[in-house]
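Chains A and B, in that order, give the protein sequences. The numbers in UniProt numbering rise by one with no breaks, and the one at position 215 of the first sequence is 215. The numbers in UniProt numbering rise by one with no breaks, and the one at position 74 of the second sequence is 74. Where a beta carbon is used, it is the ideal one built from N, C-alpha and C, also for glycine. For reference, the structure is listed below as structure tokens.
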Amino acid sequence: MDLPTEILEIIFSHLEFKDRMSATLVCHRWSGTAIPLRKVLLKLAGCWDRSVYETFLASDRRYRHLEVPNIMSDICYTSKLISKFRDSLETLEVGSVNEWSWMNALCGLPMLQYLCLRCPHVINSPNLRPKRPCRSMRSLTIDEIDCNLVGDLCISGLPNLETLEVAGTGVLDDRLLQDLKALPKLRDIKFKGKMLDFNNHAESATIDQIRKVEIRTSVRIDDEQLLQLTKVFPAMDSFLIAMAFPALVSLRMNYFKSSAAGSVRLANLQRLEELHLEEHGGLDLHLLEDFATLPKLRSVKLGSPQFDVLSFQPRPSLQLCGRPLHTEGGREAVRKLLPECDLRLPADGEIVPLRYFTPFSKMVEGRCCDGD
Amino acid sequence: MSTIKLETSDGVKFTVKTQVAKCSGTIRTMLEDIGINPQDGEAIPLSNVHSTILQKILVWAEHHVDDPEPPREDADAAKRTDDICSWDEDFLKVDQRTLFDVMLAANYLDMKQLIAVCCKTVANMIKGKTADQIRRTFNIENDFPPGEEDKIRLRNQFCEERSR
């Protein structure tokens with residue numbers, strides 16, 4: 001086939017990845033053209049076979065996206081591979097890493113935009129600061145980091161960071177908040193961890209630039225913790241995240257204990273558009289009132305083992321649906337509270353024991369009666 | 001209606017409506033930017049195109065002369081190949097040599113829409129085939145040096161499509 005390369009590239013652009021894979025085995029010319037390296041993730045996670053690494057070290061292809069099991073020392077095969085691709089690497093995912101290697105990886109890769117470190121359990125030195133800012137980095141994911149080390153991440157050395165995802169314990173401490181404050185382009189943060197850990201010395205930080213926050217915890221955030229959080233941030237009646245991130249448009253959290261839900265006041269989140277609380281202990285009047293005051297809120301999902309999901313859609317035709325609304329008392333109460341609300345019942349056949357609804361209806365009825 | 005003359009590699013002269021000839025980016029550039037004046041009666045030489053192929057391409061251009069500009073596609077998404085119109089499908093029911101010659105000429109003449117539809121046709125001929133079947137379909141010689149094919153096979157085992 002005597003077609004010029006640019007035509008071949010158009011032809012291959014119409015093919016799915018597996019057809020491109022077949023095409024690489026057709027002839028010498030196609031092998032270099034069928035899959036552009038920008039589309040390829042070289043995935044060596046879980047591969048410890050020396051001969052595989054030797055093959056890639058001997059090849060002249062400069063991969064841009066690499067996933068390796070570990071970086072333990074400068075002489076190991078994975079480190080050699082990273083050095084070989086140093087000028088082309090845009091994405092790097094590493095299974096485990098020692099402290100020096102991870103800093104070297106940052107400073108020595110001029111094109112690196114996305115770094116994911118799993119189990120960086122040996123990051124423990126306060127001296128771990130980048131020698132110079134890593135300007136190319138736009139996205140950083142740190143998985144399984146130990147509780148007290150997050151503040152040592154020194155992410156302030158990443159001035160162009162847009163996305164941060166941290167999993168591990170104690171993820172939100174004041175050192176990290178100060179670092180977040182210093183990153184003008186940060187838009188999206190995700191925290192997954194066992195607990196939120198704000199210590200008493202934290203000063204209230206207003207972080208305007210962050211648009212999206214996701215927090216997942218595997219244990220309950222109890223009233224005491226919420227109280228502690230609201231002490232850290234002076235206004236008692238506002239939810240911590242609201243204080244820290246007034247520009248938030250999307251919020252997702254999981255595992256709230258029932259009585260804590262009422263303490264989650266959303267009123268300060270005037271720009272909030274989406275709210276997702278998983279395993280939420282129950283819908284209460286505070287939350288309903290807050291929904292009604294947020295002008296831009298167009299989607300709410302509340303999930304819990306007991307109450308299933310309650311979803312909320314744009315006004316003026318508010319729609320609330322969910323198992324709590326099975327009870328006439330619950331529906332009446334919501335009608336009083338939100339007269340324009342269109343109640344939608346769960347699908348037939350979803351029968352839920354009535355006892356689950358009692359607290360909800362009593363709570364709403366009680367408050368409405370008080371109001372009268 | 002203004003016309004211009006085109007002369008193919010084998011010396012055949014075609015008189016073509018200017019509008020139709022301008023389906024070719026190459027000819028359009030010659031007329032508009034370089035300022036070749038077709039009124040002189042001089043034929044524009046197309047030294048890379050044979051008359052039988054130009055004949056065919058002009059049929060396509062005549063049919064598609066009023067097509068609107070296509071929307072820009074996302075470069076990364078695997079592009080559709082099931083949207084070839086039935087006229088084009090019939091038009092491209094030709095032997096492979098002719099199909100490739102049309103592609104080469106369309107490339108020389110810078111006719112993006114014709115190139116696109118030809119490439120989709122070829123892509124459809126590749127889809128779902130093994131490397132060996134592809135070689136037989138297009139009569140491509142397996143020119144890998146010894147051992148190279150095994151290396152690519154090994155390499156492919158560790159390559160995935162990048163998702164993010």
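Unbroken beta strand (DSSP E) run spanning residue i, endpoints
{"i": "A:His65", "result": "65–71"}
{"i": "B:Ile4", "result": "3–8"}
{"i": "B:Ser86", "result": "No beta strand (DSSP E) contains B:Ser86, which is instead part of the alpha helix (DSSP H) from 86–91."}
{"i": "A:Arg138", "result": "Where A:Arg138 is concerned, there is no enclosing beta strand (DSSP E), given that its DSSP letter is neither H nor E."}
{"i": "A:Ser91", "result": "Per the sequence shown, the amino acid found at residue 91 of chain A is Thr instead of Ser. Taken as a continuous stretch (DSSP letters only), the beta strand (DSSP E) holding A:Thr91 covers 91–97."}
{"i": "A:Ala45", "result": "Counting along the chain, A:Ala45 falls outside any beta strand (DSSP E), and DSSP gives it neither H nor E."}
{"i": "B:Lys112", "result": "Not the beta strand (DSSP E): B:Lys112 falls in the alpha helix (DSSP H), residues 112–126."}
{"i": "A:Leu186", "result": "Looking at the DSSP string, A:Leu186 is not in any beta strand (DSSP E), and its letter there is neither H nor E."}
{"i": "A:Gly32", "result": "Per DSSP, A:Gly32 belongs to no beta strand (DSSP E); it is in the alpha helix (DSSP H), 28–33."}
9 angstroms Cβ cutoff met for residue i and residue j
{"i": "A:Leu183", "j": "A:Ile155", "result": "yes"}
{"i": "B:Lys5", "j": "B:Phe14", "result": "yes"}
{"i": "B:Asn142", "j": "A:Cys47", "result": "no"}
{"i": "A:Arg29", "j": "A:Leu8", "result": "yes"}
{"i": "A:Thr55", "j": "B:Lys129", "result": "no"}
{"i": "A:Cys116", "j": "A:Thr78", "result": "no"}
{"i": "A:Lys190", "j": "A:Glu165", "result": "yes"}
{"i": "B:Val16", "j": "B:Thr3", "result": "yes"}
{"i": "B:His64", "j": "B:Leu99", "result": "no"}
{"i": "A:Glu144", "j": "A:Arg118", "result": "yes"}
{"i": "A:Gln113", "j": "A:Ser88", "result": "no"}
{"i": "A:Leu37", "j": "A:Arg64", "result": "yes"}
{"i": "A:Asp19", "j": "B:Lys127", "result": "yes"}
{"i": "B:His50", "j": "B:Ala105", "result": "yes"}
{"i": "B:Phe91", "j": "A:Ser31", "result": "no"}
{"i": "A:Phe85", "j": "A:Arg62", "result": "yes"}
{"i": "A:Leu25", "j": "B:Asn156", "result": "yes"}
{"i": "A:Ile35", "j": "B:Ala116", "result": "no"}
{"i": "A:Pro133", "j": "A:Gly157", "result": "yes"}
{"i": "A:Ser83", "j": "A:Met111", "result": "no"}
Under 8 angstroms from the C-beta of residue i: neighbouring residues of chain A
{"i": "B:Trp79", "result": "Position check: residue 79 of chain B holds Lys in this sequence, whereas Trp was assumed. Correct list: Ser13, His14."}
{"i": "B:Met103", "result": "Leu3, Ile7"}
{"i": "B:Val122", "result": "Ile11"}
{"i": "B:Ile115", "result": "Ile7, Ile10"}
{"i": "B:Lys22", "result": "Under the 8 angstroms cutoff, chain A gives no residues; its nearest Cβ is about 22 angstroms from B:Lys22."}
N-terminal and C-terminal residue of the alpha helix (DSSP H) that residue i is part of
{"i": "B:Ser163", "result": "It is not in any alpha helix (DSSP H) - B:Ser163 carries neither H nor E in the DSSP assignment."}
{"i": "A:Thr5", "result": "5–13"}
{"i": "A:Ser79", "result": "77–84"}
{"i": "B:Arg153", "result": "148–157"}
{"i": "B:Arg28", "result": "25–29"}
{"i": "B:Arg136", "result": "131–138"}
{"i": "B:Ala106", "result": "96–109"}
{"i": "A:Phe56", "result": "50–58"}
{"i": "B:Leu58", "result": "51–64"}
{"i": "residue 214 of chain B", "result": "Only positions 1 to 164 of chain B appear in this structure, which leaves residue 214 of chain B out of reach."}
{"i": "A:Thr163", "result": "Note, A:Thr163: premise wrong, no alpha helix (DSSP H); beta strand (DSSP E) at 163–168."}
Whole-angstrom C-beta distance between residue j and residue i, which should lie under 8 angstroms
{"i": "A:Leu92", "j": "A:Leu66", "result": "6 angstroms"}
{"i": "B:Asn107", "j": "A:Pro69", "result": "About 45 angstroms; that fails the 8 angstroms criterion."}
{"i": "A:Met21", "j": "B:Phe138", "result": "Not really, about 17 angstroms apart at Cβ, beyond 8 angstroms."}
{"i": "B:Cys119", "j": "A:Val40", "result": "That belief does not hold up - the Cβ atoms of B:Cys119 and A:Val40 are roughly 21 angstroms apart, past 8 angstroms."}
{"i": "A:Lys296", "j": "A:Leu275", "result": "At roughly 11 angstroms, the Cβ-Cβ gap does not stay under 8 angstroms, so A:Lys296 and A:Leu275 are not in contact."}
{"i": "B:Leu46", "j": "B:Glu7", "result": "7 angstroms"}
{"i": "B:Ile44", "j": "B:Leu109", "result": "With 8 angstroms as the limit, B:Ile44 and B:Leu109 do not qualify as a contact, their Cβ atoms being about 11 angstroms apart."}
{"i": "A:Lys185", "j": "A:Asn160", "result": "5 angstroms"}
{"i": "B:Ser9", "j": "B:Asn48", "result": "6 angstroms"}
{"i": "residue 166 of chain B", "j": "B:Val20", "result": "Outside the modelled stretch of chain B, which goes from 1 to 164, sits residue 166 of chain B, for which no answer is possible."}
{"i": "A:Thr33", "j": "A:Phe12", "result": "7 angstroms"}
Neighbour list for residue i in chain B, Cβ cutoff strictly below 8 angstroms
{"i": "A:Cys27", "result": "Arg135, Ile140, Glu141, Asn142, Asp143, Phe144"}
{"i": "A:Val52", "result": "Leu154, Phe158"}
{"i": "A:Lys181", "result": "Residues of chain B passing the Cβ test: none, with the nearest at roughly 27 angstroms."}
{"i": "A:Met21", "result": "Asn156, Cys159"}
{"i": "A:Thr55", "result": "Lys151, Leu154, Arg155"}
Beta-carbon neighbours of residue i, restricted to chain B and to distances below 9 angstroms
{"i": "A:Cys47", "result": "Phe158"}
{"i": "A:Lys43", "result": "Phe158, Cys159, Glu160"}
Chain B residues whose Cβ lies nearer than 7 angstroms to that of residue i
{"i": "A:Pro4", "result": "Asn107"}
{"i": "A:Lys39", "result": "Glu161, Arg162"}
{"i": "A:Ser31", "result": "Ile152"}
Closer than 8 angstroms: residue i CB and nearest the ligand MN heavy atom
{"i": "B:Ala106", "result": "You won't find the ligand MN in this model; it holds no ligand whatsoever."}
Contact set between residue i and chain A, taken where Cβ atoms lie within less than 7 angstroms
{"i": "B:Glu69", "result": "By Cβ distance, chain A contributes nothing, its closest Cβ being about 18 angstroms from B:Glu69, past 7 angstroms."}
{"i": "B:Cys119", "result": "Ile7, Ile10, Ile11, His14"}
{"i": "B:Thr130", "result": "Ser22"}
{"i": "B:Phe91", "result": "None at all; the shortest Cβ gap to chain A is about 18 angstroms."}
{"i": "B:Phe14", "result": "Those do not exist, as B:Phe14 stays about 24 angstroms from chain A at its closest Cβ, beyond 7 angstroms."}
Inter-stretch contact (C-beta, 8 angstroms, three-pair minimum) for the stretch 77–89 of chain B and the stretch 133–151 of chain B: no
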